[in-house]
Ligand code: GLN
C-alpha cells in the first residue's frame, strides 16, 4: 500500500512520476479515515491544507525540483508552532491557540515542500510516558489497542506504524521520542542537545528538550535529520556546527565498532522477555563485526531518575508561568479580581500531571530547599555527563534497552506516578547528558514491540546511524506492521 512505504521509497515514486503527491496524500488521508477511530493519533487533521500543499509539491516536482521530503505527508507533534493551525499541546490551556508563526523545523520542512497532515495527540505539555495525560483522549497502541503507545510523542509513533503518516516530528525531553518509538516498533531519534533548533517548540524543560524524527526505518531518520538539523540564531542553544549528509553513514558494516553495554541499564524490574530480546540484538551486533564490551559501568545511573524529576519540573514550572490567562490561550473570565482570574485559569486550564510538575518544581526551587534539591540535582547532572564522556573514551556507542517493559495497559499506571516515571529510566539519562540516542525495533515479546537504544557522544549522530543501519539491515523487524483493518 502507498501509505505504508518509507520516505525513500515514495521519493523514488514521486521523482519518477509514478505517483503524484496528491495521490499519495489522498491514500494517507483515506487510511486516517479508516483507522483513526481506533488509534486516535491526531488532535487536528488538516485535510484541506494537506491537499493544497500536495498540489503545490506536485507543481514543484513537475518543474524538476524533487527534494528528499518534497510532497511526503508528515504529522507534527502538537507542541510545535504551526502558523494558522492550532497548536494545543493536548492541553485545555491551548485548546484554541493558533500561533502566528512557524517553528523553525516547520519552516525548514515547508521550504522542502512539506505536506502536513495535522497535529498529533500527546501527553499534555509533553509530560508523560503513555499519552494518557492528553486532555482530550488517549492514543491507542496499534499493536494492541488496549495498551498505551508510550509518550509523550505517542500519537506520532502510533500514526507512523499504522500508516496514518509517512513520518512524524516529535520532541524528547526525557525519552518522548525514543520510548514511544520502542513501544510502537518505529525508529525514533533524539539528536544531540543543540543540533536542532527549538525555536517555536513550546518549552517544557528548556535544557533537555530536543526535536527529532519518528520514521519507519533508519534511512528515513537520516533523511529527516538532514532536513531539520542546523544552527538557528533564534535559538541561543542551537550549535553552530556544519550538518553532514547523514545518509553517507548508512553503511552496513560494524567491523571494529566498539560497543559498550552499561550494566546499570539492565535494571531491577526489567521484564525478562525484554532483556532477552535486547541481549540477542547485542549478540547480533557482535556477529556483524562489533567488539562488544559487557563490562561498562555508569555508576550514577540510579540517581538519574531523581535528578531528572528535580531539573525537569523546575524548568517546567518557570516555563509554564507564562500561562496566566492574559497572554495565551484559555482565560477564566468569571472572576472577581486579577489574582482570582489567574488562579481559575490555571485551575481549569492545566491537567493533574502538569499541576504536579509545577508543584514539584516550585518546591525544589523554593528558598531553603534550593540547595538540597535543585543544586544537588545539578551536581548529579555533571556526574552523569562525565561518566558518559568517560565511557565514550572506551566505546564508540553504548547499547541499552529503550524501556524496561513492553507497552503497558491503558489505565494500569495512571494512579501511580512513580510507576509511570519508571517507564523512562533508560532514556532520561541521555537528555541529562545532552547526548544523542536512537531507538530501533529489536523484536517482539508476545506480539508486543521491544526497542533497542543506541547512544553516542555529543554530535556522534553519524556513528549512531551507522550502527543502527547495520543492525536494521540484518533484521526483518522494520517490515512488520500491526493488523488494524476490520478489527
Ligand atoms: N516521560 C518523561 C516525562 O514525563 C519524558 C517526557 C518527554 O520526554 N517529553 O517527563
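Residue numbers (this note's numbering): 18 to 504. For glycine and all other residues, C-beta sits at the position ideal for the given N, C-alpha and C.
Suppose contacts are defined by Cβ-Cβ distances below 8 Å. Is residue i in contact with residue j by that definition?
{"i": "residue 97", "j": "residue 218", "result": "yes"}
{"i": "residue 235", "j": "residue 478", "result": "no"}
{"i": "residue 190", "j": "residue 153", "result": "no"}
{"i": "residue 183", "j": "residue 91", "result": "yes"}
{"i": "residue 178", "j": "residue 499", "result": "yes"}
{"i": "residue 19", "j": "residue 41", "result": "yes"}
{"i": "residue 443", "j": "residue 282", "result": "yes"}
{"i": "residue 244", "j": "residue 125", "result": "yes"}
{"i": "residue 196", "j": "residue 208", "result": "no"}
{"i": "residue 286", "j": "residue 439", "result": "yes"}
{"i": "residue 494", "j": "residue 460", "result": "yes"}
{"i": "residue 75", "j": "residue 54", "result": "no"}
{"i": "residue 333", "j": "residue 374", "result": "yes"}
With residue i as the anchor, note down where its alpha helix (DSSP H) starts and where it stops.
{"i": "residue 160", "result": "Note, residue 160: premise wrong, no alpha helix (DSSP H); not H, not E."}
{"i": "residue 264", "result": "No alpha helix (DSSP H) contains residue 264, which DSSP labels as neither H nor E."}
{"i": "residue 404", "result": "393-408"}
{"i": "residue 446", "result": "445-450"}
{"i": "residue 418", "result": "No alpha helix (DSSP H) contains residue 418, which is instead part of the beta strand (DSSP E) from 414-418."}
{"i": "residue 293", "result": "289-304"}
{"i": "residue 13", "result": "One cannot answer for residue 13 here, as it falls past the ends of the chain, which runs 18 to 504."}
{"i": "residue 494", "result": "Where residue 494 is concerned, there is no enclosing alpha helix (DSSP H), given that its DSSP letter is neither H nor E."}
{"i": "residue 171", "result": "171-179"}
{"i": "residue 47", "result": "38-56"}
{"i": "residue 369", "result": "369-382"}
{"i": "residue 24", "result": "24-32"}
{"i": "residue 360", "result": "355-366"}
{"i": "residue 436", "result": "434-438"}
{"i": "residue 115", "result": "Element bounds for residue 115: n/a, residue is neither H nor E."}
Can you pull the DSSP bridge partners for residue i?
{"i": "residue 456", "result": "205 and 470"}
{"i": "residue 184", "result": "91"}
{"i": "residue 62", "result": "135"}
{"i": "residue 246", "result": "213"}
{"i": "residue 105", "result": "Paired residue(s): none; residue 105 is not in a bridge."}
{"i": "residue 310", "result": "277"}
{"i": "residue 228", "result": "188"}
{"i": "residue 97", "result": "218"}
{"i": "residue 465", "result": "462"}
{"i": "residue 426", "result": "164"}
Just to confirm, does residue i get its C-beta within under 7 Å of one of the non-hydrogen atoms of the ligand GLN?
{"i": "residue 144", "result": "yes"}
{"i": "residue 188", "result": "yes"}
{"i": "residue 433", "result": "no"}
{"i": "residue 182", "result": "no"}
{"i": "residue 221", "result": "yes"}
{"i": "residue 151", "result": "no"}
{"i": "residue 169", "result": "yes"}
{"i": "residue 441", "result": "yes"}
{"i": "residue 384", "result": "no"}
{"i": "residue 174", "result": "no"}
{"i": "residue 193", "result": "yes"}
{"i": "residue 329", "result": "yes"}
Could you tell me whether any Cβ in chain D is nearer than 8 Å to the Cβ of residue i?
{"i": "residue 323", "result": "In summary, chain D is missing from the structure at hand, where a single protein chain is found."}
Given a threshold of 16 other Cβ atoms within 10 Å of its Cβ, counted over all protein chains shown, does residue i qualify as buried or as exposed?
{"i": "residue 355", "result": "exposed"}
{"i": "residue 121", "result": "buried"}
{"i": "residue 427", "result": "buried"}
{"i": "residue 131", "result": "buried"}
{"i": "residue 399", "result": "exposed"}
{"i": "residue 145", "result": "buried"}
{"i": "residue 303", "result": "exposed"}
{"i": "residue 188", "result": "buried"}
{"i": "residue 504", "result": "For residue 504, the predicted model reports a pLDDT of 45, less than 50, meaning its position is unreliable and no value from the coordinates is stated."}
{"i": "residue 33", "result": "exposed"}
{"i": "residue 139", "result": "buried"}
{"i": "residue 414", "result": "buried"}
{"i": "residue 469", "result": "buried"}
{"i": "residue 311", "result": "exposed"}
{"i": "residue 94", "result": "buried"}
{"i": "residue 317", "result": "buried"}
{"i": "residue 279", "result": "buried"}
{"i": "residue 213", "result": "buried"}
{"i": "residue 119", "result": "buried"}
{"i": "residue 404", "result": "buried"}
{"i": "residue 113", "result": "exposed"}
Span of the beta strand (DSSP E) holding residue i?
{"i": "residue 134", "result": "132-137"}
{"i": "residue 194", "result": "Run containing residue 194: none; DSSP gives neither H nor E here."}
{"i": "residue 275", "result": "275-279"}
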